[in-house]
Amino acid sequence: MVVRQLVVIASLLLAAVVLQTTVLSRLGLPGATPDLVVVTVVAVALALGPGPGALTGFLGGALLDIATPSDAIVGLASIVLVAVGLAVGVFMDREESNIWVMSLVAGAACGGAALATALLSAVLGSERIVWDVVPGVTLTTVLYGLILGRVMIPLVGVLSRRLVPEAYLD
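In my numbering, the protein residues as written are 50 to 219.
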């Protein structure tokens with residue numbers, strides 16, 4: 050079971066990071082780049098629970114730090130995404146929520162991750178944060194998270210049910 054979960058998580062994250070860095074970042078959409086990795090972390094946390102959600106957040110943050118050339122603080126994305134995966138997995142009940150509630154959670158998680166990254170960067174001494182831009186970036190991140198959540202959450206749910214069915218035996 051654990052090996053299959055790891056394979057599913059690694060495959061989803063690799064696809065999300067590649068799509069986010071090569072396709073979504075080049076679309077030229079207004080505001081922020083749609084954050085497919087955060088939505089993937091939310092979808093895994095909803096499908097498999099808080100442990101796999103936190104693991105997905107850690108690995109997703111590490112992959113983003115490796116894949117994107119930036120002078121940002123290394124490990125910051127992992128910290129934020131671990132918190133997102135853990136919080137969604139703990140506080141959301143996958144059996145009682147409908148897709149619209151889960152999409153709202155994905156949008157809120159994207160906005161929360163954007164704000165948390167900006168705040169933690171400022172606390173850790175980064176001078177790259179432009180506070181006038183943060184509200185607009187956060188709003189567009191929430192909107193893109195809502196849209197991506199509507200697609201990704203059912204997709205990850207179906208994949209996890211078929212590839213890791215024992216995770217659903219309660």
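Where is the CB? At the ideal position from N, CA and C, for every residue including glycine.
Keeping to the same chain, check which residues put their C-beta closer than 6 Å to that of residue i; ignore five residues upstream and five downstream.
i	result
F107	S127, V131
I178	A167, S170, A171
From this set, the options, which residue's C-alpha is nearest residue i's C-alpha?
i	options	result
M151	V91, D84, A59, V51	V91
D15	V67, R143, L164	The question about residue 15 has no answer, for the chain in this structure spans 50 to 219.
L204	I148, L169, L55	I148
V87	A157, L76, L55	A157
D120	V186, E176, P184	E176
A155	A94, G198, L78	G198
G206	G77, V66, T89, A59	T89
M141	L76, L61, P99	P99
S60	L112, S146, G124	L112
Run the CB neighbour count on residue i, radius 10 Å, all protein chains shown included, and call it buried at 16 or more, exposed below.
i	result
I115	exposed
Y217	exposed
A64	exposed
T166	buried
T71	exposed
S74	exposed
S209	buried
G134	buried
For my contact list, residue i and residue j are in at a C-beta cut-off of 8 Å; report their separation, rounded to the angstrom.
i	j	result
L117	G160	Sequence check: residue 117 is Thr here, not Leu. Not quite, the Cβ-Cβ distance comes to about 20 Å (not below 8 Å), so this is no contact.
R53	V213	5 Å
G261	V129	Past the edges of the chain, shown from 50 to 219, lies residue 261, and the structure says nothing about it.
Tell me the DSSP secondary structure of residue i in three-state form.
i	result
D114	helix
L76	coil
G106	helix
Among the residues of its own chain, which have a CB less than 7 Å from the CB of residue i, if the five just before and after it don't count?
i	result
L68	L85
V137	V91, A94, L95, G102, V154, A158
Just to confirm, does residue i get its C-beta within under 7 Å of one of the non-hydrogen atoms of the ligand ATP?
i	result
G77	Although the ligand ATP was asked about, the structure shown includes no ligands whatsoever.
Residues in its own chain within less than 8 Å of residue i by CB, not counting five upstream and five downstream?
i	result
L188	G80, G160
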